[in-house]
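Heads up: the sequence shown at position 83 corresponds to 83 in UniProt numbering, and the numbers run straight through without jumps. Each residue gets a CB set at the ideal place from its N, CA and C atoms; glycine is no exception. Below: the structure, in C-alpha cells.
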Amino acid sequence: MSELSKVPVTIVTGFLGAGKTTLISHLIRNAGGRRLAVVVNEFGTLGVDGDILQACAIPDCPAENIIELANGCICCTVADDFIPTVEKLLALDPRPDHILIETSGLALPKPLLKAFDWPAIRSRITVDGVLALADAEAVAAGRFAPDVAALDAQRAADPSVDHEAPLSEVFEDQLACADMVLLTKVDLAGPEGVAAARAVILREAPRPVPVIELTEGVVDPRVILGLGAAAEDDVAARPSHHDGEDDHEHEDFASTVIALGEIADPADLVARIETLARDHHILRVKGYAAVADKPMRLLVQAVGARVRHQYDRPWRPDEARHTTLVVIAEHDHVDADTIRAVLVG
Numbered sequence: 001m002s003e004l005s006k007v008p009v010t011i012v013t014g015f016l017g018a019g020k021t022t023l024i025s026h027l028i029r030n031a032g033g034r035r036l037a038v039v040v041n042e043f044g045t046l047g048v049d050g051d052i053l054q055a056c057a058i059p060d061c062p063a064e065n066i067i068e069l070a071n072g073c074i075c076c077t078v079a080d081d082f083i084p085t086v087e088k089l090l091a092l093d094p095r096p097d098h099i100l101i102e103t104s105g106l107a108l109p110k111p112l113l114k115a116f117d118w119p120a121i122r123s124r125i126t127v128d129g130v131l132a133l134a135d136a137e138a139v140a141a142g143r144f145a146p147d148v149a150a151l152d153a154q155r156a157a158d159p160s161v162d163h164e165a166p167l168s169e170v171f172e173d174q175l176a177c178a179d180m181v182l183l184t185k186v187d188l189a190g191p192e193g194v195a196a197a198r199a200v201i202l203r204e205a206p207r208p209v210p211v212i213e214l215t216e217g218v219v220d221p222r223v224i225l226g227l228g229a230a231a232e233d234d235v236a237a238r239p240s241h242h243d244g245e246d247d248h249e250h251e252d253f254a255s256t257v258i259a260l261g262e263i264a265d266p267a268d269l270v271a272r273i274e275t276l277a278r279d280h281h282i283l284r285v286k287g288y289a290a291v292a293d294k295p296m297r298l299l300v301q302a303v304g305a306r307v308r309h310q311y312d313r314p315w316r317p318d319e320a321r322h323t324t325l326v327v328i329a330e331h332d333h334v335d336a337d338t339i340r341a342v343l344v345g
C-alpha cells in the first residue's frame, strides 16, 4: 500500500452478543496476507473481547496491533481516545493494510462515523464499510422490538414519553448505518427464524442493503472487506434516532462488574446466569471464572438466557485465580447487590 493512499477501516457494529468478536477473530486468522489492526471498544471496565482477540494474534496482526478502549464510547471521546488511537495505528511500521473497529454492542455507529471527518485523520483513512451484525435468533424472537403495551402505558401516564424502547433504538440505528447486514447464529434460529429475522431487517432498514448469513463468524473476507463505501462521505443517507442532537447518551444502559472467588460447578453458574436473564432482565454476562481444581480459565459468554462457556487457556502463574463477570442491562435493572446475591446464592 502506498504511504499516500488512505487506509480502509471497517466498522463492525451489532447488539450485545451478536458475534462481533467471533467475526473479527475469524478475519484475523484468515487475513489473506493483509496486515490488520484492531480497535475494540468495550461497554464496562472488564476487557473480555480485547483479551480474546489478542489470543488470536498472528504475524499479520500481532498483539501490538490490537488496541482495547474499555469503559468509554470512542465516539464520545474523539479527541482524547479515538484520534490518538488511529494515529498510533497509522504510525506502525509496517502500516496496517486494513483497520477493524469493533464497537460496543450498545454503541450508536453514526456518531463514530462522523468522527472520521476530523481533519487530523480524514486525509489518511476512509470507512470501507459499516457491518451490522444481527443475532438471527434474537431478532426473530422480537427481543429488539419495543414493548408496545408498556410504551402505551408510559405515554398515558406521562405525555412527554415519545421515544421507542432503548433496545429497539440501538438496533434500528445500527441497521440504518450499515452497508451490509450479517445475520449471525443462523444455526440456532433455524430456517423459520432466519426468514423471520430477514423480514424484520427488511422492514426496519431505511434503504436496501445486502444481508448475508453466517455461523460462528465464518465468512470469506473478500465478501465483507473491500466494499469501498467511503461511508464518511455518505453520513446524511444514514438516519438515526439521535439526528439533530449535539451528542448522545448511554444512560439507558448500565453495567456492573461482579468479582467472586473460585466456583465449584460451571453448570450451577450457568443456571444462576439464566435466572438473572429470566427474573432480572439481564441482557449480557461475560467474563472469566476460576473453577476449583481446574488449571484452565473458564470463558463465560451469555446473551440473555443463552449461556456458552469453554476453557480457553491455563491460568498464568502471575494471575490471581478468581471469577470476574461483567453484567449489562437497561439502567433500571442493574442492581449490583441483587445480581451478586443471585450469582452467589
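Mapping the DSSP letters down to three states, classify residue i as helix, strand or coil.
i: E204; result: helix
i: A267; result: helix
i: T338; result: helix
i: T126; result: strand
i: E216; result: coil
i: V344; result: helix
i: I66; result: strand
i: L92; result: coil
i: L260; result: strand
i: R284; result: strand
i: R222; result: helix
i: C198; result: Note that residue 198 corresponds to Arg in the displayed sequence, not to Cys. Note: R198 maps to helix in three-state DSSP.
i: G19; result: coil
i: P239; result: coil
i: G190; result: helix
i: A141; result: coil
i: L227; result: coil
i: L27; result: helix
i: L106; result: coil
i: F82; result: helix
Could you name the residues that DSSP lists as bridge partners for residue i?
i: L298; result: A289 and Y311
i: R171; result: This sequence places Phe at residue 171; Arg is not what is there. For F171, which the question treats as bridged, DSSP gives no partner whatsoever.
i: I101; result: I11 and V39
i: A132; result: T13 and V181
i: S255; result: I328
i: V211; result: V181
i: T323; result: L260
i: V303; result: R284 and R306
Taking only the alpha-carbon atoms, compute the straight-line gap between residue i and residue j and give it to the nearest angstrom.
i: A229; j: A140; result: 29 angstroms
i: R308; j: W315; result: 19 angstroms
i: residue 393; j: A305; result: Given that the chain is displayed from residue 1 to residue 345, the structure contains no residue 393 and the question cannot be resolved.
i: L188; j: L133; result: 15 angstroms
i: D337; j: D265; result: 22 angstroms
i: V235; j: E172; result: 16 angstroms
i: P166; j: E68; result: 25 angstroms
i: H163; j: R35; result: Bear in mind that the predicted position of H163 carries a pLDDT of just 47, short of 50, making it unreliable; the figure below should be weighed with that in mind. Distance between the alpha carbons of H163 and R35: 43 angstroms.
i: I273; j: I99; result: 34 angstroms
i: A341; j: G33; result: 49 angstroms
i: E64; j: E192; result: 43 angstroms
i: T10; j: L269; result: 36 angstroms
i: T103; j: A196; result: 26 angstroms
i: P221; j: L23; result: 10 angstroms
i: L89; j: G226; result: 19 angstroms
i: P295; j: H322; result: 12 angstroms
i: T21; j: L27; result: 10 angstroms
i: A301; j: V127; result: Correcting the residue identity first, residue 301 is Gln in this sequence and not Ala. So the two alpha carbons sit approximately 30 angstroms from each other.
i: V181; j: D81; result: 27 angstroms
i: V257; j: T324; result: 7 angstroms
i: L106; j: G17; result: 10 angstroms
Answer with buried or exposed for residue i, where buried requires no fewer than 16 other C-beta atoms within 10 angstroms of its C-beta.
i: H331; result: exposed
i: S123; result: exposed
i: S25; result: buried
i: S5; result: exposed
i: G190; result: exposed
i: H281; result: exposed
i: residue 407; result: This structure cannot speak to residue 407, because the chain is shown only from 1 to 345.
i: A231; result: buried
i: G19; result: buried
i: K286; result: buried
i: Q174; result: buried
i: A254; result: buried
i: R297; result: buried
i: V223; result: exposed
i: L214; result: buried
i: L113; result: buried
i: D335; result: exposed
i: V218; result: exposed
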